[in-house]
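Quick note on numbering: this note's numbering labels position 45 of the sequence shown as 45, and the sequence is numbered without any gaps. Ideal Cβ positions, reconstructed from N, Cα and C, are used throughout, including at glycine.
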Amino acid sequence: MEEAKAIVAMLNAPPLDLNISVLEFCQKSPLQLRQLLFGVLSAIVPPQISTLQKRAFLARFLVDVEIPAELLLAEDMNKLHAQYDSLREQFIETHRHLEGLRQIERDPIKVKEHVSELQTERDHLLSKITKFKCKFQDVEKADELLEAVEEVKSLKVEMSKLVDTMIEQRQALNRSLGKNQKAYSKLQHMKILLEDAHNGSFFDKASHEIQALRFSAKQKLPEEVAAKQVHLHALQEVLCGPNKSEGLASIQSKLLAVNEELKNKRRNGLEKHSENEDASKRESMHWQRAQMGLILANRSQAANKKVAELTECRDKLQRDLDQKSTAIEEVKATVLRGEELKTYVESLRSKSAVYKKMKKELDDMDSEYGALIKNQKLLEEQIEMHPEFPEDKVDQTRKRATAKNLRKMIEEVNNLIKDLRNQLNPQVKELKLLRADLQSLEIEQAEKKQHYTDMCCLFDRKVTKLEAELASSTKEYENEKEGVKVRAASLEKLQATLMEEFITKSIPVIDSEISFTKKVGQITENVEKENGSVSTKIKLKIEQQQEVLREVQRKQQAFKVVANAQLWFLFTAVHQYSNHTSHLRVFL
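If you want it as structure tokens, here you go:
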């Protein structure tokens, strides 16, 4: 009752909250208790509900109906039982086949969802492609750019694949190198072992070790033991001497008294320094004697410790000597050589192979034994759950009732199997249709994927071409800009030189004209009447020089107009090129 109360209390606890009384729990049948247990298990382990449901579903069709041996003697009952077993096996096989199909093939709902997602992605990509085409209708060489982009993408994919293959090949190479190194090291080791076996170096090593052990056992260890025994004898003589502990105690008491006297005398030493020189000497003597006594006591204690350590060392050496002597006696036995050793090694190998086989068999037997024990326990539990009734109480009526129940159960099982087959047939047909649709969709997806990759490659190629053209055009623009700057500088220099030349040419002319006019004025003042023709000549020369100046100015203006026109043409070309590059960048 206490156990039942505890179980009911746990069932009424918060996670379950079943609100069951003790009487209800006790009055429940085994089937009701089993159902209650299934509910508790499902509440405790919610992730395993699907597996539990599957097992509960399968348990109905996999129940082994127990039929008494007397009923099985009849041919009809035996045939029915055999038919029941065959149907159960068929059900198991069909269930396994169905589970395999479920694992291999995809769920049609998931396939439909995936197809719908792919369709939405396709529509989205088509809208993007249309927008892209509308954007770059006016752009020249857009198709070439797309082709270049696709080529670049394909090259990138090929590069990634090549890198992956290279990494895999390197890993395989490293593995093969490691295997080769291991094999080579094993081969060298085996060669060394074979050489040792042929040359007898192994036996030479063993003989050298035996000789070293014999030398250590016969010469080295006895000498060490003799030296230690001499040292131990000397220490024992020291220990067997008179006991000095009483003298040490008296010396220590004297030291304490002397220390007290020293303290008292140090207090009075400042007052009576001159009078107590002899006393200080005596105190120093007493102090030295006390120190000597302490040193002797410490030395005696150290000697006692050394004696104990030496005794321990002697015991250890004695043990080592005994062990080595036993080892030498074992080594003195007969040693196998030549063919005897080979036969012994072969027998060991055969025994090791037999041992491995027997070990494997034992492991298999252990595993089988464990499985048999588990089955035995399960069968015992089932027997306990279904107690046997005495044969006397079993009547023929009950036997007939059980036979009828068995027939009914078999008919129900057959009907259920037929119903299940009928239910599964449309699903199988749908699965076949879905498989065909899925294959067609996969083919379409592969084609679209290939088309998409081709388009991407073309786009990458075109982008690379455009980038190359852009780089070349930028270089040309920079070169032309530098040329324009150089030409502008040369124009400015030419203007400066022309002005300087004009000034240099015009200044002496003007000076000469001024001087000439002055001279002419002087001459005209002196000879106005005689030389009227000279003034006319001078006027003509001045007019000629003025005409020369006007022509030079006209040429300068014409040169400036030409230079300005060239500069304006260059600036317009540069502006158009910059607009073209900006359009290309927007396109990219």
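Judged by DSSP in its simplified three-state form, Glu346 adopts helix.
DSSP, reduced to helix, strand and coil, places Pro14 outside both helices and strands of the structure shown, so it counts as coil.
Sixteen is the threshold: since fewer than 16 other Cβ atoms of the shown chains lie within 10 Å of the Cβ of Arg400, the residue is exposed.
Taking 8 Å as the upper bound for CB-CB distance, Glu147 and Lys462 are in contact here, some 5 Å apart. One alpha carbon belongs to Ala302, the other to Glu309, and they sit about 11 Å apart. In this structure, Lys153 lies away from Asp419, with their beta-carbon atoms at least 8 Å apart. Residue pairing by DSSP puts Glu150 in a beta bridge opposite Leu458. Secondary structure note for Asp85: its alpha helix (DSSP H) is the uninterrupted segment 75-104. In the DSSP assignment, Ser127 falls within the unbroken alpha helix (DSSP H) covering 108-135. Here Val22 has Ala4, Lys5, Val8 as same chain residues with Cβ atoms under 7 Å from its own Cβ, once five neighbours each way along the sequence are excluded. In the same chain as Glu150, and ignoring 5 residues on each side of it, the C-beta atoms closer than 7 Å to its own belong to Asp454, Met455, Cys456, Cys457, Leu458, Phe459, Asp460, Arg461, in chain order. For Leu11, the closest alpha carbon among the candidates Leu31, Leu36, Lys28 is that of Leu36. Ranked by Cα distance from Leu62, the options Leu33, Leu41, Glu93 are led by Glu93.
In the three-state DSSP reduction, Glu140 falls in the coil class, being neither helix nor strand.
Under the three-pair Cβ rule at 8 Å, the segment 477-496 does not count as touching the segment 173-180. Cβ-Cβ distances below 7 Å link Val163 to nothing in the same chain once the five nearest sequence neighbours on each side are left out. Here Val561 is exposed, its C-beta having fewer than 16 other C-beta atoms within 10 Å.
Around the beta carbon of Leu145, a 10 Å sphere encloses 16 or more other beta carbons of the protein chains shown; the residue is thus reported as buried. Around the beta carbon of Leu41, a 10 Å sphere encloses fewer than 16 other beta carbons of the protein chains shown; the residue is thus reported as exposed.
Under the DSSP assignment, Leu72 falls in the alpha helix (DSSP H) whose first and last residues are 69-72. Three or more pairs of CB atoms, one per stretch, sit closer than 8 Å, so the segment 401-421 contacts the segment 60-79. With fewer than 16 other Cβ atoms inside 10 Å of its own Cβ, Val548 counts as exposed. Counting only the Cα atoms, Lys429 lies some 12 Å from Asp437.
For Val111 against Leu434, the beta-carbon gap comes to about 6 Å, under 8 Å, which counts as contact.
In this structure, Leu232 keeps its C-beta atom at 8 Å or more from the C-beta atom of Lys324. With at least 16 other beta carbons inside 10 angstroms of its own, Met77 counts as buried. A residue is called buried once 16 or more other Cβ atoms fall within 10 Å of its Cβ, and Leu80 is buried on that count. It is roughly 39 Å from the alpha-carbon of Lys359 to the alpha-carbon of Ser86.
With respect to the 8 Å criterion, Pro108 and Leu431 are classified as neighbours on the basis of their beta carbons. Between the C-alpha atoms of Gly370 and Glu99 there is a straight-line separation of about 29 Å.
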